[in-house]
Each structure stands twice: as C-alpha cells, then as structure tokens.
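In what follows, a structure is listed as structure tokens, so that the remarks can point back to it.
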Amino acid sequence: MTATENGSPKQPSTDRSLPVIENFTRRAAVKGAFATLGAGAFVAAISPLRQAAENSSAAEFMQTHYTELSPDQKGDVIARLEAETKEKYGADVTIADDRPIPGTKFVYAINLSVCNGNGKCVEACHKENNHDRDTNQSYIRVLEMPKGTMDMEKGSTTYSGTVPKDDKFYLPVQCQQCDEPPCVDVCPVKATWKEEDGIVVVDYNWCIGCRYCEAACPYHARRFNWKKPEVPAKEINPDQSYLSNRVRPVGVVEKCTYCLHRTRRGKLPACLEACPTGARVFGNILDPESNIRWILENKRVYILKEELGTKPAFFYYFD
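Position 53 (the sequence shown) corresponds to 53 in full-length UniProt numbering; numbering is contiguous.
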C-alpha cells in the first residue's frame with residue numbers, strides 16, 4: 001500500500017504557533033474580560049468581536065450557552081443553522097441534537113500490530129466531518145514511528161512510499177477523550193466540556209477562538225479554523241449533529257467527537273468502518289460483553305503520555 005507524499009492522506013498540520021486571532025465571533029468573548037483587563041485593554045480586545053458581530057445575525061450573537069438552552073430554543077437554533085448551511089453551501093442538511101446514551105462510556109482501542117499506515121481513517125474523518133477541503137483537515141494524524149518507543153513526539157506524519165516499512169510501526173492519534181482533560185480546564189468561557197458518555201465536546205457557537213484548549217492538549221488533537229471551511233455542496237455530509245459534524249464557522253477550535261452523530265445512534269465511527277486492516281475497536285466499556293471490554297481485560301494496553309495524568313479513554317495494544 002502506498003502513502004501520499006505528505007504522509008498518510010490528508011494529514012492535518014502540526015503547527016503549534018499561537019498568532020493573534022483577528023476575528024472573534026462569539027458573544028462569550030466579553031464574559032469576565034473586563035474583570036481581567038484594564039478598561040483600555042478591554043476596549044481594544046473586544047474591537048474584533050464588535051466587528052464580527054456586525055456580520056453575524058442577532059440571533060447567533062445573542063444565543064446563550066448550549067447547556068442552558070430549552071428544547072424549544074435548541075429547535076430554533078438548529079433550524080437557523082440548517083437554513084444558514086443551505087444559504088452558505090447550497091446543501092440541505094439535518095442537524096440533530098444527539099444526547100448521551102444512559103449507561104454508556106465510549107472507549108477506543110487500536111491494534112498497532114495490524115495498523116499499516118494506509119491513512120484510510122484520515123480520509124474517512126475528513127469526509128464524514130465536513131472538513132475544509134482546501135486545507136485537507138482531519139482530526140486524525142497517523143505517525144510513522146521507530147520501533148521500540150511509544151513516544152509520539154518521535155513520530156513523523158511526512159512519510160511516503162510503500163507502507164508498512166519493516167523498521168517502523170504506525171500510530172494513529174486523535175482526541176483521547178481524557179477523563180481529566182486539560183483542554184476543558186483552560187477554556188475561559190466553558191465552551192468545551194466532557195459529557196456523561198465520556199465524549200469531550202465543543203459548543204461551536206460559544207467558542208471564542210482563543211486557542212487555549214489547543215495549546216493545552218498534549219496530543220495535538222484540536223484544530224483551529226483559520227478561514228471559512230470550503231466544502232462543495234455535493235460533498236457535504238447532510239447527516240449532522242449540533243455538537244459534532246455540522247460545518248464549523250471560521251475562528252473556532254474543533255475536535256474529534258468519536259462521531260457522536262453516529263455512535264449515539266448505535267453506529268460505529270467512520271474511521272473504524274474505513275479501516276481495511278481491522279485495527280480499530282470501539283465500544284461501551286460498561287458493557288461486560290463488548291469487544292472493547294475484552295481487550296482491556298485481556299491485552300496489555302498502552303496510553304499516550306501517561307505521566308501527565310490526563311487519563312485517556314483511548315488505548316493502544318499489540319498482539
């Protein structure tokens with residue numbers, strides 16, 4: 001199997017710089033800012049916010065936090081987002097409000113003995129989650145690793161040629177859905193949180209784009225939208241969810257949600273279905289009969305950067 005010139009197909013950037021963001025588009029940017037900044041600095045800080053607000057609908061700008069919305073308010077928000085998607089992208093979409101399944105804790109595992117670096121998971125994520133086509137964005141990076149280490153910082157996404165290579169193994173990395181997520185702790189406006197089924201989500205209508213969460217994530221698992229995502233109407237996945245794969249606006253940070261628009265409906269993540277080697281295993285760890293439970297009980301599993309105490313819900317193992 002052959003990898004692309006830049007590693008597995010559509011690998012996201014690993015740029016970790018934090019340049020000044022020119023366009024904040026969320027009302028939440030002003031919450032608590034005056035208490036932190038001096039008056040002059042506060043006025044300067046919210047100037048981009050005021051400019052962005054002029055280009056936003058009043059309903060969007062005044063929308064409250066997702067967790068505080070009533071069912072009727074959620075319905076209004078979703079109807080507005082569906083209409084905006086039609087207007088901006090020319091696609092008819094259905095945006096659901098998929099909630100956690102009671103008695104469920106989702107966990108992922110990857111068998112590194114059979115992952116061969118083909119990158120089909122990256123491609124599937126790119127398409128399923130309505131990522132920007134110009135930047136080839138995806139929530140998954142596949143690292144080509146030297147054998148003998150699980151230190152992801154020693155891996156490379158810029159591999160090419162035929163895979164797998166004899167002296168390498170391949171380490172797919174995405175959001176680890178940590179039980180102690182540092183990304184959640186640093187968000188100044190509580191735009192990201194962990195749900196009952198273990199999935200860490202983002203309210204993209206509440207995110208202010210400060211990128212604190214991106215900097216805090218030790219797995220490089222969050223992505224920032226530097227521009228309006230470009231997705232042709234015929235390529236848009238119309239089956240969407242508010243906290244998942246709806247087209248995200250410019251100026252916000254986004255992340256993997258274990259395809260909650262699928263998994264909370266009893267389906268499997270798109271990356272798992274696309275894997276040609278069967279390396280990926282997903283399920284409810286609270287189900288004693290699940291495959292994922294068997295793996296955690298019978299295999300020697302690894303987690304990335306265990307020393308940080310983030311307690312990932314994403315595991316790796318070898319046969």
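All residues carry an ideal CB built from backbone N, CA and C; glycine is no exception.
- The DSSP-derived three-state label of Gln240 is strand.
- Around the beta carbon of Asn225, 16 or more other beta carbons lie within 10 angstroms, which makes this residue buried.
- For Pro182, the enclosing alpha helix (DSSP H) has its first and last residue at Pro182 to Val186.
- Given a length threshold of 3 residues, each whole run of the beta strand (DSSP E) inside the UniProt domain "4Fe-4S ferredoxin-type" (198-227) is given here in chain order: 200-202.
- The secondary-structure analysis by DSSP pairs Met145 across a beta bridge with Phe169.
- Put simply, the backbone Cα of Ala83 is about 44 Å away from that of Tyr317.
- The Cβ atoms of Pro182 and Lys194 lie no closer than 8 Å to each other.
- With contact defined as three or more Cβ pairs closer than 8 Å, the region 199-208 and the region 233-251 are in contact.
- For the 8 Å CB-CB criterion, Ala274 and Val107 do not form a contact.
- The Cβ atoms of His261 and Ala96 lie closer than 8 Å to each other.
- Under the DSSP definition of a beta bridge, Lys194 partners with Val200.
- Around the beta carbon of Asp197, 16 or more other beta carbons sit within 10 angstroms, so the residue counts as buried.
- As far as DSSP is concerned, Val231 takes part in no beta bridge.
- By the 16-neighbour rule on beta-carbons within 10 angstroms, Gln73 is exposed.
- Counting only residues of its own chain and dropping the five nearest sequence neighbours on each side, Lys127 has a CB closer than 8 Å to the CB of Glu235, Asn237 and Ala270.
- Between Asp132 and Glu230 the beta-carbon gap is near 6 Å, inside 8 Å, which marks them as a contact.
- At the C-beta level, Lys255 and Cys175 come within 8 Å of one another.
- With fewer than 16 neighbouring CB atoms inside 10 Å of its own CB, Asp151 falls in the exposed class.
- With respect to Leu296, Phe315 sits close: the two C-beta atoms are nearer than 8 Å.
- Val247 places its beta carbon 8 Å or farther from that of Thr94.
- Following the DSSP letters along the chain, one finds Gly75 in no beta strand (DSSP E) but inside the alpha helix (DSSP H) bounded by residues Pro71 to Tyr89.
- CA-to-CA, the gap between Trp294 and Asp76 works out to about 43 Å.
- Sixteen is the threshold: when 16 or more other Cβ atoms of the shown chains lie within 10 Å of the Cβ of Thr257, as they do, the residue is buried.
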